[in-house]
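Engineer: I have a structure I would like to understand better, so I am pasting it below and will then ask my questions one at a time.
Chains as they are written, first to last, in the working numbering: chain Z, 13 to 120; chain W, -7 to 260.
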């Protein structure tokens, strides 16, 4: 490895943290697990995400449906019109506020 | 070993709290791990935009930034005579101190009692430390660098608005037991809460459970009171499952609130 390689390495984001015992280790079980929690506890929604994708991708799991919210790849970390970086939490909150409004109106 | 901990900076919770507040329809009870990120101040954490990097030293009269004095040489000892800096800032070490003076003074920002820190006392301290003449300290001011001003001004106004409306209440926790205890308390209070007209909060309450709570813990009664001795070599710890309180939030405490839980998976 040349000096430049190690410099480039230093500028790369750090490697993802190692899997933890309490985290699910397989993407394929995220949605079934989320649905299991909904059935067990009887609440309204589970927001699921992959540890390494959590800043630009989440899935909303409801009893009978699921929907993904993603920040497009070319928009990640970019400064938007208002001068701020778009955060996925803004999308999460917007989606949940809509669902919450329905909940308040008494829809199941 | 003193502590077993879950890692989480609190990004999701602090960012979400801010966006809920922005809607204008929500007040937020921010139940958070002590020292994790907070709404608003999260934009200036110790690692993101550390505050010292936002500031500059300016001439207190002209407002012109004062250039940072360039170290003359990275020598083991200071030379007897150093060329004077153009404007005499933090200039040459004086021979009278024997050439062993520190590179910069140690002046922790001490705020005593209710007295606001005064210019005089800080310049006196600097003078006492022997590195800055009082008249130099008086000539300088600290200012937020221009390029950082617009976002900080906007953020500060948002923060102060939220404070004055009283729509953000922060509650810190440390251990998982603290968290469970406080979650129960907050859920019960929200479950019983009524507005001015006597209408229950009920379905209008949202429970946004984004905290990264450990699945396992050691109950207090099994906790070692003193440091565990290392003489035996390896250590085996048995942990209990953290009680699942979500069903109580749903069924017993929240009075039909809208409940959002989070699940994380580690790698694809």
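Even for Gly, the Cβ is constructed at its ideal location relative to N, Cα and C.
What is the rounded straight-line gap between the Cα of residue 69 of chain Z and the Cα of residue 8 of chain W?
Structural biologist: 15 Å
Engineer: Counting only C-beta atoms, is residue 253 of chain W closer than 9 Å to chain Z at any point?
Structural biologist: yes
Engineer: Is the separation between the beta-carbon of residue 253 of chain W and that of residue 49 of chain Z shorter than 9 Å?
Structural biologist: yes
Engineer: Might you give, ordered along the chain, the residues of its own chain that have their beta carbon closer than 8 Å to the beta carbon of residue 186 of chain W, omitting 5 neighbours on each side?
Structural biologist: Only 192, 193 meet the Cβ criterion.
Engineer: What does the alpha-carbon distance come out to for the pair residue 72 of chain W and residue 95 of chain W?
Structural biologist: Confidence in residue 72 of chain W is poor, its pLDDT being 48 and thus under 50, which makes the residue's placement unreliable; the coordinate value appears in the next sentence. The alpha-carbon atoms of residue 72 of chain W and residue 95 of chain W are separated by roughly 15 Å.
Engineer: Using a beta-carbon distance cut-off of less than 8 Å, what residues from the segment 50 to 65 of chain Z approach chain W?
Structural biologist: 52, 53, 54, 55, 56, 57, 58, 59, 60, 61, 62, 63, 64, 65
Engineer: Please identify the residue among Z:88, Z:64, Z:57 whose C-alpha is closest to the C-alpha of residue 79 of chain Z.
Structural biologist: Z:57
Engineer: Nearest by alpha-carbon distance to residue 230 of chain W: which of W:132, W:42, W:164, W:208 is it?
Structural biologist: Checking every option, the nearest Cα to that of residue 230 of chain W belongs to W:208.
Engineer: Does the CB of residue 80 of chain Z have a neighbour CB from chain W at under 9 Å?
Structural biologist: It does not: the Cβ of residue 80 of chain Z has no partner Cβ on chain W nearer than 9 Å.
Engineer: Could you please give the first and the last residue of the uninterrupted alpha helix (DSSP H) stretch that includes residue 116 of chain Z?
Structural biologist: 100 to 116
Engineer: What does DSSP give as the partner residues of residue 169 of chain W in its beta bridges?
Structural biologist: None; residue 169 of chain W has no bridge partner.
Engineer: Return the residue from the list Z:112, Z:102, Z:113 that minimises the CA-CA distance to residue 14 of chain W.
Structural biologist: Relative to residue 14 of chain W, the option among Z:112, Z:102, Z:113 whose CA is nearest is Z:102.
Engineer: For a contact defined as C-beta to C-beta under 7 Å, what are the partners of residue 11 of chain W on chain Z?
Structural biologist: When 7 Å is used as the limit between beta carbons, residue 11 of chain W is near these residues of chain Z: 101, 102, 105, in chain order.
Engineer: Expressed to the nearest angstrom, what Euclidean distance is found between the alpha-carbon atoms of residue 42 of chain Z and residue 101 of chain W?
Structural biologist: 49 Å
Engineer: Mark residue 61 of chain Z as exposed unless 16 or more other C-beta atoms lie within 10 angstroms of its C-beta, in which case mark it buried.
Structural biologist: buried
Engineer: Does any C-beta atom of chain W lie closer than 9 Å to the C-beta of residue 118 of chain Z?
Structural biologist: yes
Engineer: Nearest to residue 142 of chain W by CA position, among W:240, W:-6, W:46, is which residue?
Structural biologist: W:46
Engineer: Quick one: grab the DSSP three-state call for residue 69 of chain Z.
Structural biologist: strand
Engineer: What does DSSP give as the partner residues of residue 24 of chain W in its beta bridges?
Structural biologist: W:164
Engineer: What in chain W is Cβ-close to residue 1 of chain Z, meaning under 7 Å?
Structural biologist: With chain Z covering 13 to 120 only, the question about residue 1 of chain Z has no answer from this structure.
Engineer: In whole angstroms, what separates the C-alpha of residue 82 of chain Z from that of residue 155 of chain W?
Structural biologist: 32 Å
Engineer: Residue ranges of each alpha helix (DSSP H) run of no fewer than 4 residues wholly in the segment 168 to 255 of chain W, ordered along the chain?
Structural biologist: 168 to 184
Engineer: In three-state DSSP terms, what is residue 52 of chain W?
Structural biologist: coil
Engineer: Below 9 Å between beta carbons: does that hold for residue 42 of chain W and residue 50 of chain W?
Structural biologist: no
Engineer: Residues of chain W with a CB under 7 Å from the CB of residue 112 of chain Z: which are they?
Structural biologist: 198, 250
Engineer: Grab me the residues of residue 198 of chain W's own chain with a C-beta within less than 6 Å of its C-beta, minus the 5 sequence neighbours each way, in chain order.
Structural biologist: Once the five neighbours on either side are set aside, the close Cβ partners of residue 198 of chain W are 250.
Engineer: At a Cβ threshold of 9 Å, is residue 41 of chain Z touching chain W?
Structural biologist: It does; some Cβ of chain W falls within 9 Å.
Engineer: Please say whether residue 12 of chain W and residue 162 of chain W have beta carbons closer to each other than 9 Å?
Structural biologist: no
Engineer: Just to confirm before moving on: does the CB-CB distance between residue 32 of chain W and residue 48 of chain W stay below 9 Å?
Structural biologist: no
Engineer: Measure the C-alpha to C-alpha separation of residue 171 of chain W and residue 248 of chain W and round it to an integer number of angstroms.
Structural biologist: Answer to the nearest angstrom: the Cα atoms are 21 Å apart.
Engineer: Does residue 241 of chain W get closer than 9 Å to chain Z when you measure Cβ to Cβ?
Structural biologist: yes
Engineer: Do residue 132 of chain W and residue 52 of chain W have their beta-carbon atoms positioned less than 9 Å apart in this structure?
Structural biologist: yes
Engineer: Which one or two residues does DSSP pair with residue 79 of chain Z in a beta bridge?
Structural biologist: Z:72
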